[in-house]
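Presented below is the structure to which this report refers.
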Amino acid sequence: MAAYAQEQLEALVSGMYREGFLDDQFQQIRALDEGGSPDFLVEVIGLFCADAERILNELTGLLNQPAVDFKKVDANVHQLKGSSASIGAHSVKISCMLVRECCDRNDKEGCLQALNLAKLRFYELSKRLNILIQLEQAVYAYQGGK
Amino acid sequence: MEVLPRMVNGMLRFNIVLVDQEAWPKFADHWPTFVSELAMGKNSEIPKIFLLANPSISTRNVSTKAMDHVSAVIMKPLRASMLLVSLQRAMGCGDKDNCQNGGAPGLSLRGLLHGRQILVVDDNIVNLRVAAGALKKYGAEVTCADSGKKAIMMLKPPHKFDACFMDIQMPEIDGFEATRRIREMEANINDRIKHGEVCSEDSGNVLHWHVPILAMTADVIQATQEECLKCKMDGYVSKPFEGEQLYREVARFFKSNIKKDSVGQPIAIYGS
């Protein structure tokens, strides 16, 4: 069972790299866990997902105002870009950069389009991250962790 | 060149000498004589020489006879990890763990950061957690603050911190402003210590307060660098951390434990 879960986990992770969801920084985060326990990874992914969801909602609200406060939009995107970079969420980070570019031009339509892309990529990513967490925990449990 | 005679008479002892290629011709003329003088003296180890070469100048131009003494040629610009690998190779790996793990920057970072009190400041909780996790991995004792305001409060002397990693872009008080205010507080207390208004025991037995502050920044542009220096930050690192760069920056103000473990003794650097 342990080998099977491990295999699934590695297949999932390498698929996520291939599809551009993750970059090398994610591997760095995984390496920060001690003794095979995925606690740190689980904590950081949890923080990231909650933070990203909050910011994406905030951005939706800001960009649906008749007069968009681009400064606020930029500050929020900066935040999301930072946390994506920190955990290696490559595709989300790239779409944040797109939002920022449109923001620099005060391009509301462009921002909305880029924001939709960011949301799509985030939801795809978070689905996979949830499975990844479950597999990591399963592997650890099989190895006699808990 | 004034250093060589002092090494012979035992006033100065080095295990390692780094010579800049441009200074090499002069150095190479003196070196063979120097080595024979050293060999006659008692218990003097002949130092290892590393030639710091410029990639654009071929080392073939260097007189080959003197090259016999060179342990390794290291290309400039000097990169911490390359330097470490060359040093370890030439000195023989003194520390077994070092060799086994092979991860030069990782291990030396551990040497530098182990047991250090580090304050990490970032308003982004994900970044904060990740930066703290990485520093803890290297053995540092990490404290977190999520605003510039808190950082200022925590870095008011006397405090226990050996260094601070500070995000630049934060709401209200950004990293630059926070650093400026911290430096003001430090200048103030240093002045009072100097004039005997505060005895150093009351300020934690420190005579001069200056906590190394490194900016953490996602995009390093020239303007950021200049701004960092202007508000008296000590350097900057990229965010997320990149091992080699982190090592290079941290090594500037922390004495490495690794020196004691495997490389040993002071290093002389010759430049032209």
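Chains as they are written, first to last, in our numbering: chain A, 18 to 163; chain B, 166 to 437.
Note that beta-carbon positions come from the ideal geometry of N, C-alpha and C, so glycine has one too.
Sub-9 Å separation of residue i and residue j beta-carbons
i	j	result
residue 331 of chain B	residue 290 of chain B	no
residue 307 of chain B	residue 314 of chain B	no
residue 408 of chain B	residue 381 of chain B	no
residue 104 of chain A	residue 46 of chain A	yes
residue 86 of chain A	residue 79 of chain A	yes
residue 19 of chain A	residue 160 of chain A	yes
residue 336 of chain B	residue 369 of chain B	no
residue 101 of chain A	residue 113 of chain A	yes
residue 414 of chain B	residue 402 of chain B	yes
residue 138 of chain A	residue 109 of chain A	yes
residue 375 of chain B	residue 349 of chain B	no
residue 338 of chain B	residue 321 of chain B	no
residue 342 of chain B	residue 309 of chain B	no
residue 22 of chain A	residue 156 of chain A	yes
residue 383 of chain B	residue 99 of chain A	yes
residue 216 of chain B	residue 181 of chain B	no
Sheet register partners of residue i (DSSP bridge)
i	result
residue 157 of chain A	Answer is none; residue 157 of chain A lacks a bridge partner.
residue 367 of chain B	Note: residue 367 of chain B sits in no beta bridge, so no partner.
residue 332 of chain B	B/381
residue 34 of chain A	None; residue 34 of chain A has no bridge partner.
residue 278 of chain B	Answer is none; residue 278 of chain B lacks a bridge partner.
residue 286 of chain B	B/310 and B/331
residue 39 of chain A	A/106
residue 401 of chain B	B/380
Under 7 Å from the C-beta of residue i: neighbouring residues of chain D
i	result
residue 68 of chain A	Among the protein chains of the structure shown, namely A and B, there is no chain D.
Neighbouring residues, chain B, relative to residue i (Cβ below 7 Å)
i	result
residue 111 of chain A	Within chain B, no residue comes near residue 111 of chain A; the closest Cβ sits about 14 Å away, beyond 7 Å.
residue 57 of chain A	298
residue 42 of chain A	405
Inter-residue spacing [alpha-carbon to alpha-carbon] between residue i and residue j
i	j	result
residue 84 of chain A	residue 96 of chain A	22 Å
residue 439 of chain B	residue 40 of chain A	Outside the shown range of chain B, which is 166 to 437, sits residue 439 of chain B, and nothing can be said about it.
residue 76 of chain A	residue 121 of chain A	15 Å
residue 259 of chain B	residue 213 of chain B	Bear in mind that the predicted position of residue 259 of chain B carries a pLDDT of just 37, short of 50, making it too unreliable to give a figure here.
residue 266 of chain B	residue 298 of chain B	Confidence in residue 266 of chain B is poor, its pLDDT being 39 and thus under 50, which makes the residue's placement too unreliable to answer from.
residue 72 of chain A	residue 303 of chain B	31 Å
residue 394 of chain B	residue 53 of chain A	41 Å
residue 59 of chain A	residue 143 of chain A	12 Å
residue 421 of chain B	residue 305 of chain B	Since pLDDT at residue 421 of chain B reaches only 46, below the 50 mark, its modelled position is unreliable, and no value is offered.
residue 70 of chain A	residue 42 of chain A	21 Å
residue 273 of chain B	residue 417 of chain B	13 Å
residue 191 of chain B	residue 278 of chain B	39 Å
residue 25 of chain A	residue 154 of chain A	12 Å
residue 296 of chain B	residue 358 of chain B	34 Å
residue 367 of chain B	residue 149 of chain A	52 Å
residue 364 of chain B	residue 195 of chain B	51 Å
residue 186 of chain B	residue 410 of chain B	24 Å
residue 62 of chain A	residue 361 of chain B	52 Å
residue 188 of chain B	residue 400 of chain B	29 Å
residue 183 of chain B	residue 50 of chain A	38 Å
residue 294 of chain B	residue 288 of chain B	11 Å
residue 218 of chain B	residue 193 of chain B	14 Å
residue 44 of chain A	residue 292 of chain B	16 Å
residue 36 of chain A	residue 140 of chain A	14 Å
residue 152 of chain A	residue 56 of chain A	13 Å
residue 126 of chain A	residue 333 of chain B	30 Å
residue 263 of chain B	residue 325 of chain B	Any reading at residue 263 of chain B must be qualified, since the residue scores a pLDDT of 37, below 50, and its modelled position is unreliable; the value itself is stated next. C-alpha separation (whole angstroms): 30 Å.
Contact belief for residue i with residue j at Cβ below 8 Å, rounded distance in angstroms
i	j	result
residue 131 of chain A	residue 116 of chain A	4 Å
residue 282 of chain B	residue 327 of chain B	5 Å
residue 319 of chain B	residue 284 of chain B	6 Å
residue 353 of chain B	residue 373 of chain B	Their Cβ separation, rounded to whole angstroms, is 13 Å, which puts residue 353 of chain B and residue 373 of chain B out of contact at 8 Å.
residue 65 of chain A	residue 107 of chain A	Not confirmed; about 13 Å, so no contact.
residue 329 of chain B	residue 286 of chain B	7 Å
Where residue i meets chain B, residues with beta-carbon distance less than 9 Å
i	result
residue 49 of chain A	295, 298, 299, 301 and 302
Contacts of residue i in chain A (Cβ-Cβ under 7 Å)
i	result
residue 334 of chain B	95
8 Å Cβ cut-off: residues of chain A touching residue i
i	result
residue 316 of chain B	Chain A residues near residue 316 of chain B: none, gap ~17 Å exceeds 8 Å.
residue 305 of chain B	Simply none; closest approach about 13 Å.
residue 383 of chain B	98, 99 and 102
Within chain B, partners of residue i - CB distance below 8 Å
i	result
residue 60 of chain A	294
residue 54 of chain A	Correct list: empty, because the minimum Cβ distance to chain B is about 13 Å.
residue 46 of chain A	295 and 298
residue 65 of chain A	291
heavy atom of the ligand PLP below 8 Å from residue i C-beta
i	result
residue 54 of chain A	This structure lacks the ligand PLP, and indeed carries no ligand of any kind.
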